[in-house]
Structure formats: structure tokens, C-alpha cells
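Peer 1:
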Amino acid sequence: MEVGELQQSLMDYMNSLRSQEILDSQFGQLQRLQDESSPNFVAEVLTLFFTDSKDLIKELSEALNQQNVDFKEVDSCVHQLKGSSASIGAQRLKKTCIDFSRFCNEKNRQACLKCLEQMREEFNLVRSKLNGLLQIEKQIVAAGGSIPIMDL
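Its first residue numbered 1, the sequence shown is counted upward by one per residue in the UniProt record's numbering.
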């Protein structure tokens, strides 16, 4: 594929992520922070997000499976994940965290467990979609092109 076709493919992909409400405008803000002095900035931030989020989801699972659930601790983890999701523009994951937090405040273990499953699904979806986006970006750079920045 030529650079122009790859760039159009990336823009179409980004529009798809926006229309599915997987990403919001914050992701575009993140992309704007990447420049020649930090050409891998977005990939590095996303790698940290993936690692930290996976760890938080595991921690949430362990906390909710305790005999006596510490809902304050659970909500603290949810709050961390909500913040990091918001910082990269993972809109649907952030919304799931908001619901999860509400159930923590209600001390509703069953609803929290249901939200945890939804959180896993949303995390896996956003990770998969963002990895796909990074692959297209790598192809553009390898072909000698530049990454178009879109407002989501």
C-alpha cells in the first residue's frame, strides 16, 4: 500500500473507533504530544496503560473474591483505572469504571462482579483496537509517511 492509502486507512480506522465510542477526543490530545523528540510517545503511553490496567483488573478480581470485600480498596482501584482510561481517551472503559464505582459505593458485590466482566471485555477491546491502530501507524512510518492527527 502507498503512504496515502495507509494514511486514509488510519483515518477510517480512527473514525470507526470514534463512532463506536471506543475512543474520544483525548486520544487526539495524546497524539499531539508525540513529536520528533519523542517519536514513540503514544506507543509507550499505551504500553504502560495496557500493563497497569491488566494489573488493576487482576487486583480488582482478587479483592472482589475475598470473604469480606473492602469496597473502599476496590473503588480506589476502579478510580485509578478510570483516570488512566480517561487520559488515553478510552471512553467506553471509562464509562464502565463510572458504573463500577457507583456499585462500590452501594457495596453491591454482584453488580461489581458483573462490571468487572464488562471491564475485562472493554479493556480487551480497547487493547486490541489500539494495537491495530499502532500497527497501521508503523506501516505508515515504514513507508516514509507521517501520522495524520485527527480530532475525534
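Beta carbons: idealized from backbone N, C-alpha and C, even for Gly.
Predicted, not measured: the structure shown is a model, and the values here were computed from it.
PHE123 and ILE22: beta carbons closer than 8 Å?
Peer 2: Contact flag unset, no.
Peer 1: Look up LEU23 in the DSSP assignment and say whether it is helix, strand or coil.
Peer 2: strand
Peer 1: Per DSSP, ALA90 forms a beta bridge with which residues?
Peer 2: LEU23
Peer 1: CYS104 and ASP75 look like a contact to me (Cβ under 8 Å); what is the Cβ gap, rounded to whole Å?
Peer 2: 4 Å
Peer 1: Tell me which residue opens and which closes the alpha helix (DSSP H) that GLU106 is part of.
Peer 2: Looking at the DSSP string, GLU106 is not in any alpha helix (DSSP H), and its letter there is neither H nor E.
Peer 1: Please state whether DSSP places GLY132 in a helix, a strand or coil.
Peer 2: helix
Peer 1: Taking all protein chains shown into account, decide if SER32 is buried (16 or more other Cβ within 10 angstroms of its Cβ) or exposed.
Peer 2: The sequence given here has Arg at residue 32, not Ser. With fewer than 16 Cβ atoms within 10 Å of its Cβ, ARG32 is classed as exposed.
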